[in-house]
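Protein chains: 2
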Amino acid sequence: MLINRQCNILIVGLGLIGGSYAKGLRKLGFNVSALARRQETIDYALKNAIIDEGSVSPDPDLIGKADIVVFALYPHVFKEWIGDNQRYLKKGAILTDVTGVKSCIVYDIQDMLRKDVEFIAAHPMAGKEVYGVENSDEKIFYGANYIIVPTDKNTENAIEICREIALLLQFGAISILSPEEHDEMIGFVSQLTHCIAVTLMNCSDNEKLVDYVGDSFRDLTRIARINENMWSELFLLNKDSLLKEMDRFMEEFKSLRDELAAEDTEGMKEKMRTSTARRALFNKK
Amino acid sequence: MLINRQCNILIVGLGLIGGSYAKGLRKLGFNVSALARRQETIDYALKNAIIDEGSVSPDPDLIGKADIVVFALYPHVFKEWIGDNQRYLKKGAILTDVTGVKSCIVYDIQDMLRKDVEFIAAHPMAGKEVYGVENSDEKIFYGANYIIVPTDKNTENAIEICREIALLLQFGAISILSPEEHDEMIGFVSQLTHCIAVTLMNCSDNEKLVDYVGDSFRDLTRIARINENMWSELFLLNKDSLLKEMDRFMEEFKSLRDELAAEDTEGMKEKMRTSTARRALFNKK
């Protein structure tokens with residue numbers, strides 16, 4: 044292991060995901076500190092032994108002693124933070140993140156970053172439809188997918204540290220994708236699905252729906268409870284990929300619709316056989 | 044209660060849902076018999092104490108002693124069965140069903156049925172993405188929604204018996220809808236969601252998807268494992284309602300897509316706020 048228990052880990056942004064990183068890593072024996080916007084967040088995290096130290100200001104001491112810094116911020120805030128505070132970073136520090144879009148931030152941050160520290164992007168594919176450090180839970184990572192998103196500028200060393208963090212937090216599959224591959228894939232598996240869930244709930248104002256639905260509708264709309272500020276930002280930052288996925292989905296959906304209109308039973312069944320076979324490949328163990 | 048433990052209950056069609064009715068009712072002390080297509084199904088159900096008696100032929104004795112008959116068959120098979128076997132039914136028997144579409148069968152069956160028995164349609168909003176009596180489980184009904192679908196021909200007595208079955212099986216909300224209301228609603232909450240799940244899986248042939256997805260994609264595609272014979276039949280039998288729901292969904296989805304293309308952040312956020320507020324109304328207790 045490149046990481047050892049003497050490493051100081053700083054979490055910047057102590058929401059659901061940042062808080063879950065903090066909980067998981069602190070329980071493993073690391074010294075975990077955090078920066079957050081609100082004093083209540085820090086107070087809660089200290090009181091509940093989620094972190095060892097914390098501050099609402101960019102405390103040069105906290106930043107300066109961190110060997111690993113995990114950014115769990117909105118994309119635009121992340122860039123601002125680097126611009127304002129990178130001067131405090133320890134020489135040799137490894138920076139990573141949990142941001143849901145990559146191309147639009149990874150290259151910019153690597154370009155602006157001091158040459159004696161390294162940023163390696165990552166995306167833990169885990170979440171909940173609730174927010175804040177109060178809801179953080181390191182168990183959301185158990186068995187979940189973890190994607191490391193290196194560029195040509197990254198070292199094998201940094202990729203390995205990222206992998207170790209994922210292993211320590213008990214993620215399942217660990218994959219490596221380029222920023223472009225990541226954004227295309229995330230446009231499909233994450234952003235498109237959120238668009239669908241939001242749309243479904245916008246289709247009906249029937250307040251009695253709750254008494255009629257089965258698990259299928261519940262499942263398809265769980266993520267319709269959505270943080271509109273974060274997700275509208277993520278959608279815009281990945282606009283081209285997401286639009287492509289939305290158009291592809293509409294085309295495929297239209298094809299099923301037209302088969303139904305034409306009573307093309309065999310066409311519909313063929314799509315159902317395909318979906319059944321593909322979905323069977325990834326049932327959670 | 045109108046139903047008592049001396050009632051003989053016959054399940055016609057011993058798949059996942061029929062088997063789950065049988066399990067739940069037999070555990071409550073009812074005498075439960077079943078008709079199924081395959082001898083292995085009957086053997087399995089007898090061996091596992093899911094039923095008291097069973098047959099692969101339309102045994103006049105079994106049919107003739109049933110006070111309540113629950114049909115868990117494909118829609119077209121249901122009508123055939125009534126035509127062929129209603130002469131064996133006990134005078135005063137109450138017939139009910141679990142069929143996923145109503146307008147296209149309820150009126151026909153009530154028209155063709157003997158006047159000394161009564162058919163009251165019902166739809167338990169529960170299921171699983173696996174099939175067969177081997178997977179049956181009465182717990183899938185606990186807290187699930189149950190919809191009773193009477194017509195003008197139904198008596199209060201039959202509606203009450205249906206309600207009692209739902210209560211005995213521990214369903215949650217019990218609602219009453221007309222066949223037309225039911226089909227419109229089911230086109231939206233059940234059939235449309237299955238169309239979406241099937242479409243999502245048809246959008247990508249990436250076999251590594253399993254290593255990238257988060258819970259959102261898993262949730263939205265769980266029902267993409269689908270029985271193509273049953274669901275293509277259900278879609279066709281509810282074609283007009285489902286097409287209307289598919290078109291409404293596409294229109295709403297297109298609206299979100301166009302807001303993204305135009306970078307209309309406020310428009311997107313408004314949809315997200317709506318979806319969040321509406322979905323919050325029906326979180327499972």
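Protein sequence lines correspond, in order, to chains A and B.
Sequential numbering from 44 applies to the first sequence in the numbering used here.
Sequential numbering from 44 applies to the second sequence in the numbering used here.
Don't be surprised by glycine CBs; every beta carbon is placed ideally from N, CA and C.
Let me see if you follow: with CB-CB separation under 8 Å, is S233 (chain B) close to chain A or not? Put simply, the CB of S233 (chain B) is near chain A, with a gap under 8 Å to one of its CB atoms.
Coil, strand or helix - K328 (chain B) by DSSP: Below a pLDDT of 50, predicted positions are generally treated as unreliable, and K328 (chain B), at 41, falls in that range; no measurement from the model is reported.
Taking Cβ positions only, does G257 (chain B) come closer than 8 Å to chain A? At least one chain A Cβ lies under 8 Å of G257 (chain B).
Identify the contact partners of D254 (chain B) in chain A, using a Cβ-Cβ distance below 7 Å as the criterion. Ordered by position in chain A, the residues that pass the 7 Å Cβ test against D254 (chain B) are N188, A216, S218.
Give me the Cα-Cα distance between E306 (chain B) and E96 (chain A), rounded to the nearest whole angstrom. Approximately 40 Å, taken between the alpha carbons.
Given that a residue counts as buried once 16 or more other Cβ atoms are within 10 Å of its Cβ, and exposed if not, what is V173 (chain A)? Residue environment for V173 (chain A): exposed (fewer than 16 other C-beta atoms within 10 angstroms of its C-beta).
So G58 (chain B) contacts chain A; which residues on that side make the cut at Cβ distance below 8 Å? The premise fails here: G58 (chain B) is roughly 17 Å from chain A at the closest Cβ pair, so nothing lies under 8 Å.
If you count every other CB in all the chains shown that lies within 10 Å of the CB of A320 (chain B), and 16 or more means buried, which is it? Flag for A320 (chain B) reads exposed.
Could you give the C-beta distance for I191 (chain A) and A165 (chain A), rounded to a whole number, given that I count them as a contact under 8 Å? Their Cβ separation, rounded to whole angstroms, is 5 Å, which keeps I191 (chain A) and A165 (chain A) in contact under 8 Å.
D329 (chain B) versus D262 (chain A): straight-line alpha-carbon distance, rounded: This structure leaves residue 329 (chain B) out entirely; chain B is present only between 44 and 328.
For E123 (chain A), tell me which candidate among A:E250, A:L235, A:M155, A:S146 has the shortest Cα-Cα distance. Here the closest residue by C-alpha is A:M155.
With 16 other CB atoms within 10 Å as the buried threshold, where does H119 (chain B) fall? H119 (chain B) comes out exposed.
Tell me the rounded alpha-carbon separation between V149 (chain B) and C205 (chain B). The alpha-carbon atoms of V149 (chain B) and C205 (chain B) are separated by roughly 15 Å.
Comparing C-alpha positions only, which one of A:R130, A:G126, A:Y131 sits nearest to I152 (chain A)? The shortest C-alpha separation from I152 (chain A) is found at A:G126.
Under 7 Å from any heavy atom of the ligand SAM, does the C-beta of A165 (chain B) make it? Only the bare structure without any ligand can be found here, which leaves the ligand SAM out of the picture.
Looking at the structure shown, is E199 (chain A) part of a helix, part of a strand, or coil, going by DSSP? Reduced to three states, the DSSP call for E199 (chain A) is helix.
Could you tell me whether the Cβ atoms of A77 (chain B) and I46 (chain B) are closer together than 8 Å? 8 Å or more divides the Cβ of A77 (chain B) from the Cβ of I46 (chain B).
How would you label P167 (chain A), buried or exposed, when you count the other beta carbons within 10 angstroms and need 16 or more for buried? Answer is buried; the Cβ neighbour count reaches 16.
Confirm, please, whether the CB-CB distance from D86 (chain B) to S218 (chain A) is below 8 Å. Contact: no.
Where does K66 (chain B) land, buried or exposed, given buried means 16+ other C-beta within 10 angstroms? Answer is buried; the Cβ neighbour count reaches 16.
If you reduce the DSSP assignment to three classes, tell me which class G61 (chain B) lands in. Reduced to three states, the DSSP call for G61 (chain B) is helix.
Reducing DSSP to helix, strand and coil, say where E306 (chain A) ends up. Taken through DSSP and simplified to helix, strand or coil, E306 (chain A) comes out as coil.
Kindly say whether S221 (chain B), judged by its beta-carbon, lies nearer than 8 Å to any beta-carbon of chain A. With respect to chain A, the C-beta atom of S221 (chain B) has no partner C-beta closer than 8 Å.
Taking the runs of the beta strand (DSSP E) that are 3 residues or longer, which of them lie wholly in the stretch 121 to 154 of chain B? Counting only runs of 3 or more residues that sit fully inside the stretch 121 to 154 of chain B, the beta strand (DSSP E) segments are 137 to 140, in chain order.
Please check if any C-beta of chain A sits within less than 8 Å of the C-beta of G72 (chain B). Taking Cβ atoms only, chain A never reaches closer than 8 Å to G72 (chain B), which makes this a no.
Can you check whether the C-beta of K182 (chain B) is within less than 8 Å of a C-beta belonging to chain A? False, the Cβ-Cβ gap to chain A never drops below 8 Å.
Separation of A216 (chain B) from A187 (chain B), as counted between CA atoms: Looking at the two C-alpha atoms, the distance is approximately 7 Å.
Quick check: is the beta carbon of V241 (chain A) nearer than 8 Å to any beta carbon in chain B? Yes - at least one Cβ of chain B is within 8 Å of the one on V241 (chain A).
Note down, in chain order, each residue of its chain lying with its Cβ closer than 6 Å to the Cβ of I137 (chain A), except the 5 sequence neighbours on either side. Once the five neighbours on either side are set aside, the close Cβ partners of I137 (chain A) are I111, E161, A201, I204.
Return yes when the Cβ of T236 (chain B) is within less than 8 Å of the Cβ of F260 (chain A), no when it is not. Pairing F260 (chain A) with T236 (chain B) gives a Cβ-Cβ distance under 8 Å.
Cβ neighbours of D159 (chain B) in the same chain (closer than 6 Å, five flanking residues each side left out): So the qualifying residues of the chain are K134.
Looking at the structure shown, is Y174 (chain B) part of a helix, part of a strand, or coil, going by DSSP? Y174 (chain B) falls in the coil class under three-state DSSP.
Taking 8 Å as the CB-CB cut-off, is G135 (chain B) touching chain A? Between G135 (chain B) and chain A, the shortest Cβ-Cβ separation is not below 8 Å.
Please report the straight-line C-alpha distance between A209 (chain B) and F184 (chain B), rounded to a whole angstrom. The alpha-carbon atoms of A209 (chain B) and F184 (chain B) are separated by roughly 9 Å.
Give the C-beta separation of V75 (chain B) and R81 (chain B) to the nearest angstrom, bearing in mind that I take them to be a contact with Cβ-Cβ under 8 Å. With 8 Å as the limit, V75 (chain B) and R81 (chain B) do not qualify as a contact, their Cβ atoms being about 18 Å apart.
Return the Cβ separation of T264 (chain B) and R316 (chain A) in integer angstroms, given the expectation that the two are a contact with Cβ distance under 8 Å. Actually they are not in contact, since the Cβ atoms of T264 (chain B) and R316 (chain A) sit about 15 Å apart, beyond 8 Å.
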